[in-house]
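Q: Chains as they are written, first to last, in the working numbering: chain Y, 760 to 869; chain P, 37 to 153. The C-beta atom is built at its ideal place from N, Cα and C for all residues, glycine as well. Because the structure is a prediction, the values reported are computed rather than measured.
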């Protein structure tokens with residue numbers, strides 16, 4: 760069974776913030792939320808991860824709800840190069856095995 | 037650093053043929069992985085390795101074999117190619133996770149696109 764649910768696709772305007780939702784209602788206490796993206800059939804690229812606190816790095820911000828049942832990845836100023844499939848993944852920290860779902864196909868439009 | 041390299045980039049096989057997909061990483065990572073990605077789908081883990089001489093099955097291991105004789109190399113072997121193995125194959129590597137709160141991202145290679153006819 761899939762651990763996460765994401766919209767199949769979404770569009771956003773270049774220069775605007777892109778907010779990508781992810782539901783993970785069955786997440787357990789020792790599981791993290793990871794985000795990867797895959798640009799046009801390249802290998803996936805790590806973006807960010809978090810446990811329960813909000814996180815920010817040079818690529819994106821991750822907002823996790825207090826009950827941890829959902830999260831939002833924010834790309835603050837989307838560019839055309841951010842067009843990609845974004846995967847939200849819930850896994851334990853140890854072992855590093857990743858289970859990819861279908862992801863959200865994001866199209867950034869000029 | 038070249039990161040994770042994979043060869044070949046493309047290959048067409050006939051049913052029943054065999055081949056080895058090569059994967060090499062130069063980051064001294066302990067963990068290595070093989071995934072496959074069918075059209076329009078997410079990646080599925082085939083096999084993984086936590087170090088030289090140690091391998092384990094992932095979600096979809098049937099029809100594949102792996103070995104890990106060195107830290108750098110993690111080849112994937114297809115013995116009797118079938119049309120169901122038509123896919124894009126990605127190799128990845130990561131450092132050892134040292135404990136709670138730490139995470140070492142996976143670095144992916146560019147992929148091998150395999151067609152079995």
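State the start and end residues of the unbroken beta strand (DSSP E) segment that holds residue 881/Y.
A: In the structure displayed, chain Y extends from 760 to 869; residue 881/Y sits before or after that span and is not available.
Q: Just curious, the beta strand (DSSP E) that residue 124/P is in, first and last residue?
A: Within the second chain, the letter at position 88 stands for residue 124/P. First-last of the beta strand (DSSP E) with residue 124/P: 123–130.
Q: Can you name the residues of chain P whose CB is closer than 9 Å to the CB of residue 799/Y?
A: On the first chain, residue 799/Y is found 40 positions in, with the first residue counted as 1. Ordered by position in chain P, no residue passes the 9 Å Cβ test against residue 799/Y, which lies about 11 Å from the chain.
Q: Evaluate residue 44/P with the Cβ neighbour count: other Cβ atoms within 10 Å of its Cβ, from every protein chain shown; 16 or more gives buried, anything less gives exposed.
A: Residue mapping note: residue 44/P aligns to position 8 of the second chain, counting from 1. An exposed status is given to residue 44/P, since fewer than 16 other beta-carbon atoms sit within 10 Å of its beta-carbon.
Q: Chain Y partners of residue 141/P, CB-CB under 7 Å?
A: Within the second chain, residue 141/P is the residue found at index 105, counting from 1. Within 7 Å Cβ-Cβ: 805.
Q: Beta carbon of residue 777/Y, beta carbon of residue 841/Y: below 8 Å?
A: Walking along the first chain from the start, residue 777/Y turns up at place 18. Walking along the first chain from the start, residue 841/Y turns up at place 82. Against a cut-off of 8 Å, the Cβ pair of residue 841/Y and residue 777/Y comes out as a contact.
Q: Measuring only the C-alpha atoms, how far is residue 119/P from residue 153/P?
A: Here residue 119/P refers to the residue found at position 83 when the second chain is read from its first residue. Here residue 153/P refers to the residue found at position 117 when the second chain is read from its first residue. Answer to the nearest angstrom: the Cα atoms are 6 Å apart.
Q: So, are the CB atoms of residue 112/P and residue 90/P less than 8 Å apart?
A: Counting from one through the second chain, the residue named residue 112/P turns up at place 76. Counting from one through the second chain, the residue named residue 90/P turns up at place 54. Contact: no.
Q: Measuring only between beta-carbons, confirm whether residue 145/P sits less than 8 Å from chain Y.
A: Taking the first residue of the second chain as 1, we reach residue 145/P at position 109. Yes, because at least one Cβ of chain Y sits closer than 8 Å to the Cβ of residue 145/P.
Q: Nearest-angstrom Cα distance between residue 150/P and residue 768/Y?
A: Along the second chain, read from residue 1 onward, the residue named residue 150/P stands at position 114. Along the first chain, read from residue 1 onward, the residue named residue 768/Y stands at position 9. Near 27 Å, if we compare the C-alpha coordinates of residue 768/Y and residue 150/P.
Q: For a contact defined as C-beta to C-beta under 7 Å, what are the partners of residue 84/P on chain Y?
A: Numbered from its first residue, the second chain carries residue 84/P at position 48. Neighbours of residue 84/P on chain Y, chain order: 856.
Q: According to DSSP, is residue 780/Y part of a helix, a strand, or is it coil?
A: Mapped onto the first chain, residue 780/Y falls at position 21. Residue 780/Y falls in the strand class under three-state DSSP.
Q: Taking 8 Å as the CB-CB limit, is residue 783/Y close to chain P?
A: Here residue 783/Y refers to the residue found at position 24 when the first chain is read from its first residue. It does not: the Cβ of residue 783/Y has no partner Cβ on chain P nearer than 8 Å.
Q: When the Cα atoms are used, what is the spatial distance from residue 797/Y to residue 764/Y?
A: Counted from its first residue, the first chain places residue 797/Y at position 38. Counted from its first residue, the first chain places residue 764/Y at position 5. Their Cα atoms are separated by approximately 17 Å.
Q: Shortest alpha-carbon distance to residue 115/P belongs to which of 106/P, 79/P and 99/P?
A: Looking up residue 115/P in the second chain gives position 79. Looking at the Cα atoms, 99/P is the closest of the given residues.
Q: Using a Cβ-Cβ cut-off of less than 7 Å, list which residues of the stretch 818–838 of chain Y approach chain P; keep chain order.
A: none
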